[in-house]
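Trainee: Handing you this structure, nothing more for now.
Numbering (this note's numbering), first residue to last: 4 to 366.
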């Protein structure tokens, strides 16, 4: 089966944020045309079945592209979509001028994912972000005014020396944005990031757990459903593209360092810009064994509040879930960490909190 989703990676950034370990390159306009041409050639090489269900343009910082480059990319992608395609673009608040927002909406983008991260001037500065929260608020208001009905905003918690008061202020300010989708990610300090090089550590598990529970309670009271561990939506305004990942479905990934999953094979493109521009796209690939597929299926699907359908499991793997996993499932069920209801298996609230432990017992 040919994937119905496409991830497009724009690696360029004006500066490097302290926490980011994604594939990225400092922006130079001289690379822009060459990169877009290589990107279009890669996408054209895939046997994409039109129309796609989802297109996701991530980065990096796609919103920093000059208007001519954005317009060119959107024009190229337009034939792969129709009126039902969810088409998301990641953006920084400072890039969202009325001109650019209008260009995006007319070009087919119907969902924005805005990287705000915090409302605290101290924490924004620490992360190396260049916008203020006022900039972010104005960007959201402009996007609504231009006509965007689907807007998601990202926040990060567990930041260095972040107080509960700062977190509660963030929660209040993010809810005040009045959008239907919020993502809340715990800070990871990974090798190669500025935070790692400066010796910062991740928040201890207990403190991070308290912050997460504070976010969860506040978002739920505001009418949000936690449909995935880090993602919250009102009115079922889920990210359909990210549900492709969490349902462990196949998708094409195009661009520098982009990952994809097709024909039981996970692949990642080269992170070397010169190689990519020369058309040498592929970095590495791995064809999954059945055991690896099973692990990936649980790792992704059990992040969702409704887990997975037993019928979906049987159709994919050719055997009943309980025929192999009855004992660990019953143990986890007795602990009220994993449950089965209406033909689905899912983690409880407590199970989601300690999902790593649940998965270890399941494997």
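Using N, Cα and C, we set each Cβ at its ideal position, and we do this for glycine too. Bear in mind that the values here come from a model prediction, so they are computed numbers and not experimental data.
1. Leaving out five residues on either side along the sequence, give the residues of the same chain with a beta carbon under 8 angstroms from the beta carbon of residue 77.
2. Rounded to the nearest angstrom, what separates residue 306 and residue 313 at their Cα positions?
3. Going straight from the alpha carbon of residue 233 to that of residue 227, what length do you get?
4. Is the beta carbon of residue 66 sitting closer than 7 angstroms to the one on residue 95?
5. Once you ignore the five residues that flank residue 20 on each side, which residues in its own chain have a CB closer than 6 angstroms to its CB?
6. Which same chain residues end up closer than 8 angstroms to residue 261 when comparing Cβ atoms and leaving out the 5 residues on each side of it in sequence?
7. Determine the closest residue to residue 22 out of 188, 336, 299, with distance taken between C-alpha atoms.
8. Does the Cβ-Cβ distance between residue 221 and residue 174 come in under 7 angstroms?
9. What does the Cβ neighbour count give for residue 181, buried or exposed, with the cut at 16 atoms within 10 Å?
10. Under a Cβ-count criterion, where at least 16 other Cβ atoms within 10 Å of its own Cβ denotes burial, should residue 238 be classed as buried or exposed?
11. Check the C-beta distance from residue 117 over to residue 156 and give it rounded, since I have them as a contact under 8 angstroms.
12. Can you check DSSP and say which residues form a bridge with residue 285?
13. Can you pull the DSSP bridge partners for residue 120?
14. Look at the Cβ atom of residue 83, then the Cβ atom of residue 53, and state whether they are nearer than 7 angstroms.
15. Can you pull the DSSP bridge partners for residue 249?
16. Which runs of the alpha helix (DSSP H) fall wholly inside the region 87-149 and span at least 4 residues, in chain order?
17. Tell me which residues share the same chain as residue 127 and place their Cβ nearer than 8 angstroms to its Cβ, disregarding the 5 neighbours each side in the sequence.
18. Taking the continuous beta strand (DSSP E) assigned at residue 349, which residues delimit it?
19. Threshold first: 3 residues or longer. Then list the beta strand (DSSP E) segments lying entirely within the region 16-92, N to C.
20. For the beta strand (DSSP E) that contains residue 184, what are its first and last residues?
21. Could you name each continuous beta strand (DSSP E) segment of 3 residues or more that falls completely within the region 283-343, going from the start of the chain to the end?
22. Closest to residue 176 by C-alpha separation, out of 192, 143, 208, 98, would be which residue?
23. Could you name the residues of the same chain whose beta carbon sits closer than 7 angstroms to that of residue 49, not counting the 5 residues immediately before and after it, in chain order?
24. Going straight from the alpha carbon of residue 103 to that of residue 75, what length do you get?
25. Start and end of the alpha helix (DSSP H) containing residue 228?
26. Considering only the beta carbon of each residue, do residue 86 and residue 145 sit closer than 7 angstroms?
27. Excluding the five sequence neighbours on either side, which residues of its own chain have a C-beta within less than 7 angstroms of the C-beta of residue 285, listed in chain order?
28. Going by C-alpha to C-alpha distance, which of 38, 183, 125, 158 sits closest to residue 283?
29. What does the alpha-carbon distance come out to for the pair residue 97 and residue 139?
30. Would you kindly check if the distance between the Cβ of residue 244 and the Cβ of residue 88 is under 7 angstroms?
31. Determine the direct distance from the alpha carbon of residue 280 to that of residue 46, and round the result to whole angstroms.
32. Identify, in the order they occur along the chain, each residue of the same chain with its Cβ nearer than 8 angstroms to the Cβ of residue 336, setting aside the five sequence neighbours on each side.
33. Once the 5 residues before and after residue 304 are set aside, which same chain residues still bring their CB inside 7 angstroms of it?
34. What do you reckon, are the CB atoms on residue 197 and residue 162 nearer than 7 angstroms?
35. In three-state terms, what does DSSP make of residue 361?
36. Which value, in whole angstroms, describes the spacing of the CA atoms of residue 115 and residue 231?
Mentor: Concretely, from the data shown:
1. 106, 107, 110, 111, 112
2. 16 angstroms
3. 12 angstroms
4. yes
5. 130, 131
6. 10, 11, 12, 26, 271, 272
7. 188
8. yes
9. exposed
10. exposed
11. 5 angstroms
12. 272
13. 158
14. yes
15. None; residue 249 has no bridge partner.
16. 101-110, 124-130, 136-149
17. 120, 121, 134, 135, 136
18. 347-350
19. 57-62
20. 184-189
21. 285-290
22. 143
23. 255
24. 13 angstroms
25. Segment 228-231 is the beta strand (DSSP E) holding residue 228; no alpha helix (DSSP H) there.
26. no
27. 270, 272, 273
28. 38
29. 7 angstroms
30. no
31. 13 angstroms
32. 342, 343
33. 249, 250, 251, 310, 311
34. no
35. helix
36. 19 angstroms
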